[in-house]
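The opening residue of the sequence shown carries number 15 in our numbering; numbering runs sequentially from there.
All C-beta atoms in this analysis are idealised placements derived from N, C-alpha and C, irrespective of residue type, glycine included.
Below: one structure, written as structure tokens.
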Amino acid sequence: MIIWVNGAFGSGKTQTAYELQRRISDSFIYDPENVGFFIRKNIPKEVKKNDFQDYPMWSEINYTMLKHINNHYEGTIIVPMTIVNPQYFEKIVGRLRSDRISINHFVLCATKEVLQKRLRSRGERKNSWAEQQIDRCVEGLSNSIFEQYIDTNKLTIEDVVIQIASLSNINLLPDNRGTFRKKYDKIKTQIKQIRLIN
15 MIIWVNGAFG
25 SGKTQTAYEL
35 QRRISDSFIY
45 DPENVGFFIR
55 KNIPKEVKKN
65 DFQDYPMWSE
75 INYTMLKHIN
85 NHYEGTIIVP
95 MTIVNPQYFE
105 KIVGRLRSDR
115 ISINHFVLCA
125 TKEVLQKRLR
135 SRGERKNSWA
145 EQQIDRCVEG
155 LSNSIFEQYI
165 DTNKLTIEDV
175 VIQIASLSNI
185 NLLPDNRGTF
195 RKKYDKIKTQ
205 IKQIRLIN
């Protein structure tokens, strides 16, 4: 099974994905952004696109990788990735579903004000690139192709994880971590996502 966690920047995709991995035995995080960074690093600057999702090969490689992993890995694949273009969504998720691969897709939703607050809490400056994408993401994800939606405005990451697991018919491992360990894991996940791009 593949669990795809979608949503605007600041919606909690990454934290949710890593919490799911901690609570689901035999699970693996697959990050489609890595393909984008590889493409961006290996394309001459004269022909670079602003968004790596605009390269047809980005969809093709991620589709092929996810199909391969699904066919050879018995566990749950967790994919935290913002994708708001219905055509790009179809090129990956639609094709995988056509191959009869089980994909549970969730969009984490929140108001613009909540998203802005969350971005600030993770160190994003006002009017950052991520904040500038909020309206585009909210509008794109309103397309019914992306449902199902989880309203996260008043939910903790743990609440979201429990809801995704319930909707996916997955039993979660018990969480015996203390408050300090949970905070440590959250910070560790944030640090993992820091990208140093040339």
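| Item | Value |
| --- | --- |
| DSSP-derived helix/strand/coil call for Asp65 | coil |
| Where Leu186 falls: helix, strand or coil (DSSP) | coil |
| Buried/exposed call for Gln29, threshold 16 Cβ in 10 Å | buried |
| Sufficient close CB pairs (3 or more, under 8 Å) joining the segment 151 to 159 to the segment 186 to 199 | no |
| C-alpha gap between Ser25 and Arg136, whole angstroms | 12 Å |
| N-terminal and C-terminal residue of the beta strand (DSSP E) that Tyr32 is part of | Run containing Tyr32: none in the beta strand (DSSP E); it sits in the alpha helix (DSSP H), Lys27 to Arg37. |
| Residue environment, Ser112, which counts as buried when at least 16 other CB atoms sit within 10 Å | exposed |
| Inter-residue Cα distance where the pair is Asp189 and Arg37 | 7 Å |
| CB contact flag (Val19, Phe120, <8 Å) | yes |
| DSSP beta-bridge partners of Ile91 | Ile16 and Phe42 |
| Own chain, CB closer than 6 Å to Pro46, minus 5 neighbours either side, in chain order | Asn76 and Met95 |
| Ile53 in three-state terms, based on DSSP | helix |
| Residue from Lys131, Asn141 and Ser142 with nearest C-alpha to Lys168 | Lys131 |
| Val121 - DSSP class collapsed to helix/strand/coil | strand |
| Cβ-Cβ separation, Ser182 to Ile17 (assumed contact under 8 Å), whole Å | 6 Å |
| Chain-order list of residues whose beta-carbon lies under 6 Å from that of Glu33 (same chain, five-residue window excluded) | Ile171 and Val175 |
| Any beta strand (DSSP E) of 3 or more consecutive residues that is wholly inside the segment 131 to 182 | 163 to 165 |
| Reference Ile117, options Ile106, Cys123 and Glu127, closest by Cα | Ile106 |
| Minimum Cβ-Cβ distance from Val61 to chain D less than 8 Å | Absence of chain D from the displayed structure is noted, only one protein chain being present. |
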